[in-house]
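Here's the structure, in structure tokens; my notes come after.
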Amino acid sequence: MLAFLVRRLLMALLTLWAISILTFLIIQLPPGDFVTAYIAQLQSTGSAVSAQEADNLRAQYGLDQPVWVQYFKWLGLALRGNFGMAMEWQRPVIEVIGDRLLLTMILSLAAVLFTWILAFPISIFSAVRQYSFWDYLFTLLAFIGLAVPNFLVALILMYFGFSFFNANVGGLFSPEYADAAWSGGRIWDLMKHLPLPALVLALGGTAQVVRVMRANVLDELRKPYVATARSKGLPEWRVILNHPVRVALNPFISTIGYLLPYIVSGSVIISLVLSLPTVGPLLLKALLAQDMFLAGTIVLLLGAMTVVGTFISDLLLMWIDPRVRAEG
Amino acid sequence: MDDRVPTLRRRELLRVSSLLLAGGGMAFLAACGGAPGTTTTASSAPSAAASASSPAPSAAASASSPAGSAAGSSRPSAAGSSGSSGGNIPGKDLVGTIEGPTLITEPAQFPKQFSEAPSLAELVKAGKLPPVAERIGQDPLVIKPLRATGKYGGTWRRGFTGPADNQNGHRVAGGDRLLFWDAKAYPKNTPNLAKDWKVEDEGKTITVYLRKGAKWSDGQPFTANDIMFWYEDVYNNTDLVKVKAVALSVNGKPGTLTKVDDFTIQFKFESAYPMFVDVLGSSIAVFGGNAIQGQNFMGGFAPKHYMQQFHQKYVSADQLAAKIAEAKVDNWVNLFKLKNTWHLNPDLPVMTPWKTTNPANTPTWTLERNPYYFGVDDQGNQLPYIDKITMTLAENLEVLNLRAIAGEYDMQARHLDMGKVPVFLENQQKGNYKLSLDPASHGADAALMCNQGYAADPEIAKWLATKEFRIALSHGIDRNQLNETFWLGVGTPGSPVVTDDSPYNPGKEYRTKNSTLDVQKANEMLDKLGLTQKDGEGYRQRSDGKGRLRIELQTISGSFLPFTQIAEMINQQWRKIGIQADVKEVERSLGTTRLQANETQIYVWQNDGSDNIFLYPDHVLPCTTSSGTGPEIGKWFQSGGTSGKKPTDPQIVKALELLASGSSKGPEERTKIGQEIWKLAVDELWAIGTVGLSPAAMGVRVTSNKLENVPSRHFNVQDGQTPNLSRPSTFFFKA
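Quick mapping for you: the protein sequence lines, in order, are chains A and B. Just so it is clear: in the first sequence, position 326 is 325 by numbering that gives the first Met the number 0, and no numbers are missing. Just so it is clear: in the second sequence, position 566 is 565 by numbering that gives the first Met the number 0, and no numbers are missing.
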């Protein structure tokens, strides 16, 4: 068991290192660098930067050095827990991400909770009452949920919110609370803004979970052990919850690995559309501006989360499913 | 109730969704994630945009008759309005007349008594602030507001897109350069931070007089020492500034700056440089003011008493190292940069009407009044009237536009999308704002810049360098169709020439010269050039027998205008003259890289900034490495002939010589030279104009009905930092 853990840990570190190199290379791939992007952006607002000024800027940011020098400089900083300066923001990367990390986590957790609260009862109900009216209705809704891109739902909800309810458009806070220190009022303000984006984020996921879970439960329901349980005289709800549902949960446990990075990055597109102050838009902006320190750190963070998440889901699976334990 | 409104809403909604669906998620992302200045109209095909233009007439009609007579106009007919050109373009009603505040420079007319904002008066009473007369000094800047003497108070709400959008704040709350432009007569110089200037020796000596008693926002006096500190310790420090500013030298010889006394400075140049006065008044050059240029170690002055603590020369290495560590930057250059950045460092003393209190790298960039601002109105009330400016972060431009539509901004033009004019109009009452358009002064929002130094394909290079070929291409463009489709009919079709009101405009006839639709003439010209061979589809063949003549139009995604769609429509129009264009859309950085590597044939971009031809000729002539009309020739011009490609076209040589001679001439002669350059530019069409003089870039403006003293139209110019030119310090909220 211990050897297994150590082996996994070493593998994880190696994976992270590979991720860091890949990240850096990918960010360097597109033509130009932060300064080119910066100049292009200045030009689109009518300012000009001469070639000499551009060289000045490159020297300032150390972009005139070879890629591998830049990489090791960044790696050196990262190992000391300092990820450098976010060029566009002129603030340490840690601070820029830190500001948004908490909100991103709150939002994503809310979305996950919404998903599960909605999805589990519906899917179990659908499976048990297969081909009933309600099953058809939920199936229909689930397919709509799967088919409609959720950024479109976000746009439409935002437009209706504006046209009919005069709602504050986008964001997670009203302007007066956006920068305020945490207080009762600010939390309440967040609570008022949270449901819309969380719901939008949850919709697609709910539909997916409903479909998968329903199929899983249906498979299990037909197995002989269910008939055995019933014949033993167990109440129906215990039959279903104790056996088929428990087995049907396995696929979800194994996807927790992907849940963690998701909690950190949120959904890039939804956050953009709804103007949410999360890590998603930050990543996109960093990539567009070719700010490799910021983008690199976020991608590295996502990579680390995936690695950690996978590890946790392995452990959970062992804990919840005796069959895995036996094989392991 | 009017049944038209829901229809419009639905249309708009459909349009939004069709845009998104047609463009696909990623296109949307690329468009809206872009830094300031991008719009999201950049997806769907021309047809969607065409349908977007159709609601405009009815929306405008309903705005002009708010009583809501639904009859008659309820069905917007695109055919009726787009067929006939000119005439009754709805958008024209939204364009006001140029107006603005007046500077009072006659000391006899200066106010004798001064007053201040109530919040400051309290501080004075409490003994925490010196009296107002002491704060503004004996030489205040006196501004007569546009309409009325204002009331103090209020918060001006705006939206911005992140720290890269810092111009957003500079444009409203900045404006600390030595000289300024006249709000009513751009590009005429007026005083600002300096009270006066004198040009002597035919422009070899320029003396600038500062205001006595003017103070930094922390109460320290502003003197020539702050200018000399910048010049000697910042500008001439090789760590901070590695390459000197071109604008501070004439004929390649740098000028010098000396202090005459505490309130007088003097520039000396080896040869005449009267145009330097324009440099002192422009925001884009080296003397653009510490607010906007301090982050680049430029600007013309810096608060010595504050900034010296971050300067190598004034503090010991140990102290500096401690400060570097504290600020978490890697070296003293970046420390100095960070501390001298107006929008990031709330502690930096400023000379602007407002100062940053919450920096631009947070979700709400906040600015509050500078109690020491040296400007007063004609009644002696210290400016600014408005207490506070807040800018809320919008992660994407759709949200920013929707917030503007919801009336969440008190005045904003930046980032507002021309394609949404109908929706802005529809919601004017609900949002309690007024929509107005400020057409820009540059002639082309989309110019086809023909690379005169292209070399990769000799056949294409030959044609691009042929005047008749370029003119034929120009005659093949149906500018009215472009205008109706992409500019909602509010642009002006024609050549790339600057607006008729500009002193540099050579004459009205140049607007249409070589720049009207004339398919027959275009075909005749092309036939005459020997391009007579056509293939089965009617396209002309290359003269070297290598198949069809295909010309590449390079466009950039996520720009102010949907350049790709515009180019596609031009491609369709060119079918009639047998020319095939390949529209190639690239991402912005790649676009710049390709251009500088001389790989573009025709570069599609706006010629903004060309309203001041001598300060920013980049988009008119091949004079820099980022000029679409010939980056290699630009390199040659910039390097003084040591690298790049020497132009062979005598007209280019002539134009570049004219450009170079301008700086040494007085204003009158310079104006004439400017006109000569424009004549050449239109005669030769190195850049082919399509539609311009439009509000597409920062000219679609919402103004709260509560806000007063805002001009119905102001000059929409880059180096005037519109609306800064109109002195936002005189804007105020009515009760």
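Just so it is clear, CB atoms sit at the ideal spot from N, CA and C, and this is done for glycine as well.
Among A:Q89, A:V209 and A:R90, which one has its Cα closest to the Cα of A:G408? Any answer about residue 408 of chain A is impossible in this case: the structure gives chain A only from 0 up to 327.
For a cutoff of 9 Å on Cβ pairs, would you count B:S625 as touching chain A? Indexing the second sequence from 1 puts residue 625 of chain B at position 626. B:S625 counts as touching chain A.
Per DSSP, cross-strand counterpart(s) of B:I550: The residue you call residue 550 of chain B lines up with position 551 of the second sequence. Answer is B:A580, bridged to B:I550.
DSSP state of B:A69, grouped into three classes? Locating residue 69 of chain B in the second sequence gives position 70, counting from the first residue. For B:A69, the predicted structure reports a pLDDT of 34, less than 50, and the residue's modelled location is therefore unreliable. A value from the coordinates is still provided. Coil, per DSSP.
Specify the secondary structure class of A:V208 as computed by DSSP and reduced to three states. Taking the first sequence and counting its residues from 1, one reaches residue 208 of chain A at position 209. If DSSP states are grouped into helix, strand and coil, A:V208 belongs with the helices.
According to DSSP, is B:V278 part of a helix, a strand, or is it coil? As a position in the second sequence, residue 278 of chain B is number 279, starting the count at 1. Helix, per DSSP.
C-alpha distance - B:T237 paired with B:H713, whole-angstrom precision: Position 238 of the second sequence, counting from 1, holds the residue named residue 237 of chain B. Position 714 of the second sequence, counting from 1, holds the residue named residue 713 of chain B. Taking the straight line joining both Cα atoms gives about 40 Å.
Taking B:P362 as the query, report the chain A residues whose CB atoms sit under 7 Å from its CB, ordered along the chain. Position 363 of the second sequence holds residue 362 of chain B. Neighbours of B:P362 on chain A, chain order: A177, D178 and P276.
Leaving out the 5 sequence neighbours to the left and right, which residues in its chain are closer than 7 Å to B:G152 when beta-carbon positions are compared? If you number the second sequence from 1, residue 152 of chain B lands on position 153. Excluding its 5 nearest sequence neighbours in each direction, B:G152 has C-beta neighbours in its own chain below 7 Å: D386 and F732, listed in chain order.
In chain A, which residues lie less than 8 Å from B:R587 when you measure between Cβ atoms? Taking the first residue of the second sequence as position 1, residue 587 of chain B is located at position 588. Correct list: A36, A39, Q40 and S43.
How would you list, in chain order, the residues of chain A whose beta-carbon sits under 7 Å from the beta-carbon of B:G639? Position 640 of the second sequence, counted from the first residue, corresponds to residue 639 of chain B. Within 7 Å of the CB of B:G639, no CB atom of chain A is found; the nearest one sits about 13 Å away.
For B:G761, is the classification buried or exposed, using 16 other Cβ atoms within 10 angstroms of its Cβ as the cut-off for buried? Examination of residue 761 of chain B is not possible in this model, given that chain B is present from 0 through 734 alone.
Would you identify the three-state DSSP class for B:I283, choosing helix, strand or coil? Taking the second sequence and counting its residues from 1, the one referred to as residue 283 of chain B is at position 284. In this structure, B:I283 counts as coil in the three-state DSSP scheme.
Contacting positions in the region 197 to 216 of chain A - beta carbon closer than 8 Å to chain B: In summary, no residue of the region 197 to 216 of chain A has a CB separated from any CB of chain B by less than 8 Å.
Just to confirm my understanding: we take A:I268, look at its own chain, exclude 5 residues before and 5 after, and list those with CB closer than 6 Å. What are they? Mapped onto the first sequence, residue 268 of chain A falls at position 269. The residues are F150.
I need the straight-line Cα distance from A:V216 to A:N241, nearest angstrom please. As a first step, residue 216 of chain A is located in the first sequence; it is residue number 217 there, counting from the start. As a first step, residue 241 of chain A is located in the first sequence; it is residue number 242 there, counting from the start. The straight-line gap from Cα to Cα measures roughly 12 Å.
In or out: B:I676 buried (at least 16 other Cβ within 10 Å) or exposed? Taking the second sequence and counting its residues from 1, the one referred to as residue 676 of chain B is at position 677. Flag for B:I676 reads buried.
Please tell me whether A:W88 has its Cβ less than 9 Å away from any Cβ of chain B. Against the first sequence, residue 88 of chain A aligns to sequence position 89. At a cut-off of 9 Å between beta-carbon atoms, A:W88 makes contact with chain B.
Within its chain, find whatever has a CB closer than 8 Å to the CB of B:Y509; leave out the 5 residues flanking it on each side and keep chain order. Taking the second sequence and counting its residues from 1, one reaches residue 509 of chain B at position 510. Counting only residues of its own chain and dropping the five nearest sequence neighbours on each side, B:Y509 has a CB closer than 8 Å to the CB of S494, V496, W677, K678 and V681.
For the alpha helix (DSSP H) that contains A:S122, what are its first and last residues? Walking along the first sequence from the start, residue 122 of chain A turns up at place 123. Looking at the DSSP string, the run of the alpha helix (DSSP H) that includes A:S122 is V92 to V127.
Along the chain, where does the beta strand (DSSP E) that runs through B:G374 open and close? Translated into positions along the second sequence, residue 374 of chain B becomes position 375. Per DSSP, B:G374 belongs to the beta strand (DSSP E) from G374 to D376.
Determine, using beta carbons only, whether B:R402 and B:Q166 come nearer to each other than 9 Å. Your numbering for residue 402 of chain B matches position 403 in the second sequence. Your numbering for residue 166 of chain B matches position 167 in the second sequence. No, Cβ-Cβ distance for B:R402 and B:Q166 is not below 9 Å.
Here's a check: name, in chain order, each residue in its chain whose Cβ is nearer than 6 Å to the Cβ of A:L117, leaving out the five neighbours to either side. Working through the first sequence from its first residue, we reach residue 117 of chain A at position 118. In chain order, T205 place their CB closer than 6 Å to the CB of A:L117, counting only its own chain and leaving out the 5 sequence neighbours on each side.
Top-ranked residue by Cα proximity to B:L192, from B:E199, B:A223, B:D200 and B:Y503: Sequence index remark: in the second sequence, residue 192 of chain B carries index 193 (1-based). Looking from the CA of B:L192, the closest CA among B:E199, B:A223, B:D200 and B:Y503 belongs to B:A223.
Under 9 Å from the C-beta of B:G288: neighbouring residues of chain A: In the second sequence, residue 288 of chain B corresponds to position 289, counting from 1. Residues of chain A passing the Cβ test: none, with the nearest at roughly 14 Å.
Sheet register partners of B:I142 (DSSP bridge): Within the second sequence, the letter at position 143 stands for residue 142 of chain B. Beta-bridge pairing by DSSP links B:I142 to B:L102 and B:D376.
Nearest-angstrom Cα separation, counted from B:P421 out to B:L436: For the purposes of this step, residue 436 of chain B is identified with residue 437 of the second sequence, where counting begins at 1. For the purposes of this step, residue 421 of chain B is identified with residue 422 of the second sequence, where counting begins at 1. Distance between the alpha carbons of B:L436 and B:P421: 12 Å.
Hey, would you say B:I555 sits closer than 9 Å to B:E586, going by beta carbons? The residue you call residue 555 of chain B lines up with position 556 of the second sequence. The residue you call residue 586 of chain B lines up with position 587 of the second sequence. Contact: yes.
With distances taken between CB atoms, is the gap from B:I226 to B:K258 smaller than 9 Å? For the purposes of this step, residue 226 of chain B is identified with residue 227 of the second sequence, where counting begins at 1. For the purposes of this step, residue 258 of chain B is identified with residue 259 of the second sequence, where counting begins at 1. Contact flag set, yes.
At which residues does the alpha helix (DSSP H) containing A:Y224 begin and terminate? Residue 224 of chain A sits at position 225 when you count from the first residue of the first sequence. Segment P223 to S230, the alpha helix (DSSP H) holding A:Y224.
Segments of 4+ residues assigned as alpha helix (DSSP H) that fall wholly inside the region 382 to 413 of chain B: Runs of the alpha helix (DSSP H) inside the region 382 to 413 of chain B: 396 to 404.
Selection from B:K419, B:Q579 and B:L594 that minimises the alpha carbon distance to B:R700: Position 701 of the second sequence holds residue 700 of chain B. Taking only the C-alpha atoms, the option nearest B:R700 is B:K419.
Looking at the strands, I want to know which residues DSSP matches up with B:F266. Residue mapping note: residue 266 of chain B aligns to position 267 of the second sequence, counting from 1. Beta bridge pairing from DSSP links B:F266 with B:I205 and B:L256.
The region 378 to 393 of chain B touching the region 165 to 184 of chain B, judged by at least three CB pairs closer than 8 Å: Yes: the two stretches touch, three or more of their Cβ pairs being nearer than 8 Å.
When Cβ atoms are compared, which residues of the region 315 to 345 of chain B fall closer than 8 Å to chain A? Here the close residues are K327, V328, D329, V332, N333, K336, L337, T340 and L343.
Could you work out which residue in B:A654, B:K507 and B:I632 is closest to B:G673 when comparing CA atoms only? Locating residue 673 of chain B in the second sequence gives position 674, counting from the first residue. Minimum Cα distance to B:G673 is reached at B:A654.
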